[in-house]
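Report on the following structure.
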Amino acid sequence: MAGRIVVADGGDRPRHSLDLVGADMSGHGPILAYFGPPFKAGHSPDSYAGGMNETSNPENPHGDGPRIVSKRELFLGFLKIGLLGFGGIAPWARHVIIEERRWLTEKEFAAILGIGQILPGPNTMNASVMIGDRFQGIPGVLVCLLGQMAMPLVIVTSLAVVYESFAAVPEVKAALAGAAAGAAGLVLGTALKMAQKIKPTPLALLVGAIAFTAIGVLQWPLVPVVAVLVPLGVAAAALEPRA
Amino acid sequence: MISGLLFQIARVFAVLSLVSIGGANAVLPEIRRQIVDVQGWMNDAAFANLFAISNAAPGPNIILVSLIGWQLAGLAGLLVATLAIMIPSCSLAFVASRAMTRWSDKRWVGLLKEGLVPVALGLILASGISMMRTADHDALTISISVATAIFVVFSKRNPLWAIATGTCVSVAALHFGLLL
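Taken in sequence, the protein lines are chains G and Y. Residues in the first sequence are numbered consecutively from 912, following this note's numbering. Residues in the second sequence are numbered consecutively from 23, following this note's numbering.
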């Protein structure tokens, strides 16, 4: 039990350690006193059903309690995600959040992306709202959003200014084609790697395969496919609980 | 006049924000319809240009919307369009985040999260394939995509290495006439 990561963050986050970590980094004041829903009596990590708690997590060295991420870390992390985020930011978000900084486990990240997917708006941006809120409340949300938009906005407007003069250069075209092909492979590889690490149950694998076939192969519209698959995914999770 | 335009930009993108399940790519046809057909802000060629530029830049796909705002009304347009596309959907995500936390001890929340995992995985895989469909039109680009995917699966290193290599290979292939 000692190695358990608490996914259900918010009320049961230890405030004192949050302040200890955050104080030297971001100079926050008493504004951090409340973010997140009120503490719930009797809410222990054990009462959190659904198998989202990884009982042992070899990937996360901070397995001795809820991971604390300061506003400064969030901002710099998402600044990097935005800056690297060529061809969409989801794979880069995964790389920075899981491989590099270990803020979340593979499965927590996938679940948050999944929630981000069924809401309107870009799935990774929705995920970043939830990640910011989990670690630092509303200020955390704002730094995550600002971080991921800052560099892309500067770059896209700069590109717009120089586009006319460079768009016809063959080397530029070749470079963009190569980078676009790489970005596609990056998304593909990211999905495979996540699946490899999460090790879905057979039923979950089936749901994932249907999602892939419907959208990726048959190119059916997203909304009805998701509307059908979410209940199927939940049913799969209920029928085949993880040990 | 300009404030009227800014108001229109805000209204159009705020509505799009609330229906954009699946992100900017999913509502791309609707964005085009609004900008080109309904509002008549630019023609198809200009829109396609902005789309190409936004694809060449890093970041969330909605920077296309920011760029449209920039094109229409400069810095003010950029800010208004960006905020209009972000605030509605991000507010919903925030409410969802709080709801999930509040009811995190309920069984259905755990099951919902668990059930969403394979859906998210399948959809990311699907978007990889559809990106390949757009980006890969010869043996060289297909090889770059596949090699990058293999790199990502087997290496913990920054994927930027793979992307940079692919870009260099593509430029080199142009120079040595290797376009297969």
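Just so you know, even glycine gets a beta-carbon here, dropped at the ideal spot from N, CA and C.
- About 6 Å separates the CB atoms of residue 1040/G and residue 119/Y; that is less than 8 Å, so the two are in contact.
- Between the alpha carbons of residue 166/Y and residue 188/Y lies a gap of roughly 6 Å.
- By DSSP's assignment, residue 997/G forms a beta bridge with 80/Y.
- No Cβ of chain G is located within less than 8 Å of the beta carbon of residue 161/Y.
- Apart from the 5 residues on each side of it in sequence, residue 146/Y has no Cβ closer than 6 Å to any other Cβ in its chain.
- Taken through DSSP and simplified to helix, strand or coil, residue 43/Y comes out as strand.
- For residue 1045/G, the enclosing alpha helix (DSSP H) begins and ends at 1034-1077.
- DSSP, read as helix, strand or coil, puts residue 1031/G in strand.
- Selection 44/Y, 26/Y, 33/Y evaluated against residue 1034/G yields 44/Y as nearest (Cα-Cα).
- C-alpha of residue 1065/G to C-alpha of residue 1147/G: approximately 44 Å in a straight line.
- If you check each beta-carbon in the region 1002-1019 of chain G against every beta-carbon of chain Y, the ones closer than 7 Å belong to 1002, 1006, 1010, 1018.
- Sequence-ordered contacts of the region 1135-1148 of chain G with chain Y read 1136, 1137, 1140, 1141, 1142, 1143, 1144, 1145, 1146, 1147, 1148 [C-beta pairs closer than 9 Å].
- Contact with chain Y is found for residue 1126/G, since one of that chain's Cβ atoms lies less than 8 Å from the residue's Cβ.
- Taking the Cα positions, residue 197/Y is about 36 Å away from residue 64/Y.
- DSSP, read as helix, strand or coil, puts residue 158/Y in coil.
- Residue 122/Y sits in a helix when the DSSP states are folded into three classes.
- Looking at the backbone, the Cα of residue 176/Y and that of residue 1108/G are separated by about 12 Å.
- Cβ-Cβ distances below 8 Å link residue 1136/G to 1122, 1125, 1126 in the same chain, with the five nearest sequence neighbours on each side left out; the list follows chain order.
- Counting the other Cβ atoms within 10 Å of the Cβ of residue 159/Y gives fewer than 16, which makes it exposed.
- Around the beta carbon of residue 1152/G, a 10 Å sphere encloses fewer than 16 other beta carbons of the protein chains shown; the residue is thus reported as exposed.
- Here the alpha carbon of residue 1070/G sits roughly 12 Å from the alpha carbon of residue 92/Y.
- In summary, the residues of the region 1075-1099 of chain G whose CB is separated from some CB of chain Y by less than 7 Å are 1081, 1082, 1085, 1086, 1087, 1088, 1089, 1090, 1091, 1092, 1093, 1094, 1095, 1096, 1097, 1098, 1099, in the order they occur in the chain.
- Among the CB atoms of chain G, one or more fall inside 8 Å of the CB of residue 158/Y.
- Chain G has a Cβ within less than 8 Å of the Cβ of residue 166/Y.
- Between the C-alpha atoms of residue 1111/G and residue 140/Y there is a straight-line separation of about 7 Å.
- Residue 136/Y has a beta carbon lying within less than 8 Å of a beta carbon in chain G.
- The three-state secondary structure of residue 1117/G, taken from DSSP, is helix.
- Within chain Y, no C-beta atom comes less than 9 Å from the C-beta of residue 1110/G; the nearest is roughly 11 Å away.
- A check of alpha carbon separations from residue 1001/G across 143/Y, 66/Y, 102/Y, 193/Y identifies 143/Y as the nearest.
- At least 8 Å separates the beta-carbon of residue 138/Y from that of residue 1100/G.
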